[in-house]
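Novice: Dropping the structure in here first, questions after.
Chains as they are written, first to last, in my numbering: chain V, 1 to 432; chain E, 433 to 844.
The structure is reproduced here in structure tokens:
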């Protein structure tokens with residue numbers, strides 16, 4: 001694939017690195033992040049294909065191992081080979097692949113690879129720069145390492161579910177949809193890999209990285225953890241806003257078109273009250289707003305601090321009027337009008353887009369966030385979410401759609417000196 | 433003491449809150465010298481987390497905010513008035529000896545202070561400048577302002593996290609301040625690796641909304657390929673599993689006050705195992721015998737599961753499922769996962785640091801361990817200007833009398 005990078009286009013920051021990936025759904029995201037930054041990631045699948053090839057949704061709803069949109073999303077820019085590493089010859093081939101690689105990213109159950117005689121310490125002897133990233137639910141060893149998980153149970157145990165949900169606590173906590181537990185473990189895996197890479201740049205030394213997804217979720221909970229550690233306060237979930245030890249007022253409002261917005265931080269400075277009042281005037285709703293007079297007073301000043309609200313009844317009334325004003329406006333106009341109107345006046349407000357509405361939003365189109373990826377077998381070009389960061393000198397790029405099953409066997413094994421005849425034999429013996 | 437992987441790197445750091453500060457905290461834990469620059473005229477309060485709860489005791493004040501401490505451990509802190517010409521000069525000298533300049537101001541703020549990328553580059557040719565704001569530095573919304581919840585709202589994450597028939601629940605914390613910081617840290621280190629190879633610096637533009645947009649996953653392709661939006665009847669349905677379909681798969685009520693337990697049945701093997709754990713007639717009924725049947729009757733299945741779980745202890749339910757090799761976990765409250773979880777304790781996930789004014793406080797550690805260059809955290813967040821002498825005199829060579837002048841003139 002590196003040949004596709006030739007020419008005047010700058011290559012990704014990880015161009016030239018070869019990474020062997022042996023992951024399931026818990027680790028595939030890490031491989032994608034590295035591959036889209038230019039690393040030559042070789043994904044090893046069992047001969048029958050990765051289990052996620054069977055996950056919906058499917059291209060045109062036709063279940064097929066080459067049509068899983070789940071597999072497509074998590075495996076862009078990677079090369080794909082098949083290999084049975086339990087087979088003795090397959091095991092040998094795996095070790096020769098690792099011998100020529102810069103890194104391994106794997107999410108196997110702790111102890112599984114060791115039982116097959118695959119051991120980092122041995123492999124590093126002949127390849128001292130080798131970086132090994134192990135992504136497991138609870139780390140390699142120690143308490144709970146053998147527990148069984150899915151994304152849901154990781155988010156439940158890791159503290160994320162506790163934070164999310166509704167004011168009505170008869171409704172359950174809500175997990176954090178879309179594999180965010182797996183993503184969070186992978187984010188720690190990639191950040192730590194990059195630390196190890198910079199260390200290797202400086203010293204030539206590789207190392208072993210033990211990623212604990214449960215621990216990674218636990219330190220991705222903002223005030224949940226430190227409110228407890230600092231002041232022994234337990235935050236409680238609230239609809240559409242931060243969980244808090246002391247209940248806060250709602251900030252999510254249903255607009256006139258039935259869509260929701262986040263009203264952000266209400267006005268505090270006199271000038272902001274003025275902007276709010278003028279906005280209501282322009283909409284022709286100032287007369288119907290009961291607290292218009294207090295708004296006027298707030299506009300005349302003086303400015304106040306949040307801490308004054310609890311101390312001074314007049315300040316509290318002004319603050320409440322500001323809140324009411326922004327909520328009132330939001331309820332009267334369509335969500336997009338509230339979002340743009342609020343932001344153009346300097347208020348930090350948000351529109352609650354569905355994922356597809358984000359992709360269609362003109363801002364993200366203008367920045368080139370949606371990208372087209374060719375699927376020549378289907379004679380189709382498919383829109384994918386694009387770059388999470390823009391590095392113009394060494395850019396993110398989807399260089400190719402996810403690999404077909406075993407697509408790169410010939411070239412990858414060819415590089416190891418395996419000729420066509422042996423390849424055919426390996427295939428017939430079920431090794432690849 | 434482990435070796436410091438990033439001990440050779442210096443970051444001139446304007447980040448704050450969590451979306452930026454989280455990135456440089458991670459790098460500081462691996463030894464990067466992060467020099468946090470604060471505005472003396474505003475007592476560092478552009479970072480709203482300074483001086484707000486949680487507080488460790490009855491005291492209140494600018495140096496006692498628990499969130500600020502949590503996000504800024506192992507950093508140095510200096511004050512510099514950039515409206516002052518001498519302040520600008522000192523910043524130029526600092527940039528000269530830094531590898532990275534990082535910030536998460538609203539777009540354009542650092543440029544208005546006189547330090548856009550071109551200026552930074554004229555000071556040091558291979559400088560890496562990483563900016564992180566909600567909508568990025570280009571595009572129609574580049575002037576719009578955000579914080580975590582606005583990023584989550586606009587990117588689709590708030591919407592997807594809800595129960596059918598209810599408004600969005602969203603995230604009860606700034607998931608995208610954490611995760612935006614993770615992408616910022618990745619971006620900084622990717623740019624350093626590129627510089628190591630080529631000698632070339634660059635300006636990296638991180639838009640937290642785009643870092644969020646990539647996390648919507650296969651649901652986005654279901655729209656672009658199959659025209660199936662997530663805004664449709666019965667969705668979002670966050671606690672059930674669509675990709676892949678599983679049932680039962682939910683968060684169920686357990687015994688006690690606001691106690692819940694998550695159970696995920698991945699396949700028929702798991703379902704058979706659940707039948708062994710739950711000794712009730714309904715669990716063996718034909719109408720729940722296959723995945724398709726259970727999906728078709730998911731609400732009835734969930735109701736039966738709830739009847740069984742709601743009179744039981746959440747940890748006991750999870751343990752009985754785990755014993756049968758079925759994924760399950762209590763929904764852990766903060767005190768349960770911080771103080772009573774054997775895994776987080778054995779991991780050393782909550783290191784105790786020492787802060788000049790707060791004393792000993794536990795903070796969020798790191799979810800990984802590295803065999804040769806592991807992270808460590810011992811020192812709390814810097815107090816305002818705590819390292820002025822160390823940085824200005826020790827690194828930039830400011831003489832004693834000049835240092836006093838800088839103080840007297842309000843430059844630092």
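For every residue, glycine included, the Cβ atom is placed at its ideal position computed from N, Cα and C.
#1: Quick check on the burial criterion: 16 or more other C-beta atoms within 10 angstroms. Buried or exposed for residue 355 of chain V?
#2: Rounded to whole angstroms, what is the Cα-Cα separation between residue 514 of chain E and residue 544 of chain E?
#3: Do residue 151 of chain V and residue 189 of chain V have their C-beta atoms within less than 9 Å of each other?
#4: From the DSSP output, read off the bridge partner residues of residue 724 of chain E.
#5: Would you say residue 516 of chain E faces chain V, with C-beta separation under 9 Å as the test?
#6: Would you kindly report the start and end of the unbroken beta strand (DSSP E) that includes residue 381 of chain V?
#7: List the residues of chain V whose Cβ lies closer than 8 Å to the Cβ of residue 782 of chain E, in chain order.
#8: Which ranges would you report for the alpha helix (DSSP H) in the region 492–578 of chain E if only whole runs of at least 4 residues count?
#9: Using the Cα positions of residue 437 of chain V and residue 351 of chain V, report the straight-line distance between them to the nearest angstrom.
#10: Mapping DSSP to helix, strand and coil, what is residue 914 of chain E?
#11: Considering only residues of the same chain and omitting the five flanking positions on each side of residue 531 of chain E, which have a CB-CB separation below 6 Å?
#12: Could you tell me whether any Cβ in chain E is nearer than 9 Å to the Cβ of residue 355 of chain V?
#13: So for residue 802 of chain E, helix, strand or coil by DSSP?
#14: Out of curiosity, what's the CA-to-CA distance linking residue 869 of chain E and residue 329 of chain V?
#15: So, with DSSP's three-state summary, where would you put residue 445 of chain E?
#16: Got a sec? Which residues, its chain only, sit under 7 Å from residue 58 of chain V by beta carbon, not counting five neighbours each side?
#17: Kindly provide the ranges of any beta strand (DSSP E) runs that are 3 or more residues long and lie completely inside the region 288–375 of chain V, ordered along the chain.
#18: Indicate the three-state DSSP secondary structure (helix, strand or coil) for residue 696 of chain E in the structure shown.
#19: Against residue 102 of chain V, what residues of chain E qualify as contacts under a CB-to-CB distance less than 7 Å, listed in chain order?
#20: Check whether the region 627–645 of chain E and the region 206–215 of chain V touch, using three or more Cβ-Cβ pairs below 8 Å as the test.
#21: Determine, for residue 313 of chain V, whether the minimum Cβ-Cβ distance to residues of chain E falls below 9 Å.
#22: Would you say residue 123 of chain V faces chain E, with C-beta separation under 9 Å as the test?
#23: Are the C-beta atoms of residue 839 of chain E and some chain V residue less than 9 Å apart?
#24: Are the CB atoms of residue 93 of chain V and residue 389 of chain V within a distance shorter than 9 Å?
#25: Is the region 673–684 of chain E close to the region 707–715 of chain E, with three or more CB pairs under 8 Å?
#26: Which chain V residues are close to residue 624 of chain E, counting only those with a beta carbon under 7 Å from its beta carbon?
#27: Per DSSP, what kind of secondary structure is residue 6 of chain V in: helix, strand or coil?
#28: Would residue 770 of chain E count as contacting chain V if we go by Cβ distances under 9 Å?
#29: Taking Cβ-Cβ distances below 7 Å as the criterion, which residues of the region 123–153 of chain V are in contact with chain E?
#30: Taking beta-carbon pairs under 8 Å, can you tell me which members of the region 660–680 of chain E lie near chain V?
#31: Counting C-beta neighbours from all protein chains within 10 Å, is the total for residue 691 of chain E 16 or more, i.e. buried, or is it exposed?
#32: For residue 310 of chain V and residue 485 of chain E, what's the separation of their Cα atoms in angstroms?
#33: Does the beta carbon of residue 706 of chain E sit closer than 9 Å to a beta carbon anywhere in chain V?
#34: Enumerate in chain order the residues of its own chain whose CB-to-CB distance from residue 838 of chain E is below 6 Å, with the five nearest sequence positions on each side excluded.
#35: Am I right that residue 19 of chain V and residue 119 of chain V are in contact with their C-beta atoms under 8 Å? What's the rounded C-beta distance?
#36: What did DSSP end up calling residue 588 of chain E once you bin it into helix, strand or coil?
Specialist: Taking the structure as given:
#1: Burial call: buried.
#2: Roughly 10 Å separates the two Cα atoms.
#3: no
#4: Answer is none; residue 724 of chain E lacks a bridge partner.
#5: no
#6: 380–384
#7: 225, 229
#8: Here the runs fully enclosed are 498–503, 517–528, 541–544, 549–555.
#9: Only positions 1 to 432 of chain V appear in this structure, which leaves residue 437 of chain V out of reach.
#10: The structure shown does not extend to residue 914 of chain E, since chain E spans only 433 to 844, so no value can be given for it.
#11: If the five residues before and after residue 531 of chain E are omitted, its C-beta is found closer than 6 Å to the C-beta atoms of 441, 442, all from its own chain and listed in chain order.
#12: yes
#13: strand
#14: Residue coverage of chain E in this structure runs from 433 to 844, which leaves residue 869 of chain E outside it and unanswerable.
#15: Residue state for residue 445 of chain E is assigned as strand, using DSSP reduced to three classes.
#16: 64, 67, 68, 69
#17: As far as the region 288–375 of chain V is concerned, its whole beta strand (DSSP E) runs of at least 3 residues are 371–375.
#18: strand
#19: Under the 7 Å cutoff, chain E gives no residues; its nearest Cβ is about 12 Å from residue 102 of chain V.
#20: no
#21: no
#22: no
#23: no
#24: no
#25: Counting Cβ pairs under 8 Å, fewer than three are found: no touch.
#26: 198
#27: Its pLDDT being 49, under 50, residue 6 of chain V is placed unreliably by the model, and the measurement read from it follows with that caveat. Coil, per DSSP.
#28: yes
#29: 138, 139, 142, 143, 144, 147, 148, 149, 150, 152, 153
#30: Under the 8 Å Cβ criterion, the region 660–680 of chain E contributes 660, 661, 662, 663, 668, 670, 671, 673, 674, 675, 676, 677, 678.
#31: By the C-beta density criterion, residue 691 of chain E is buried, having at least 16 other C-beta atoms within 10 angstroms.
#32: So the alpha carbons of these two residues sit roughly 15 Å apart.
#33: Output row for residue 706 of chain E: interface = no.
#34: 844
#35: At roughly 19 Å, the Cβ-Cβ gap does not stay under 8 Å, so residue 19 of chain V and residue 119 of chain V are not in contact.
#36: coil
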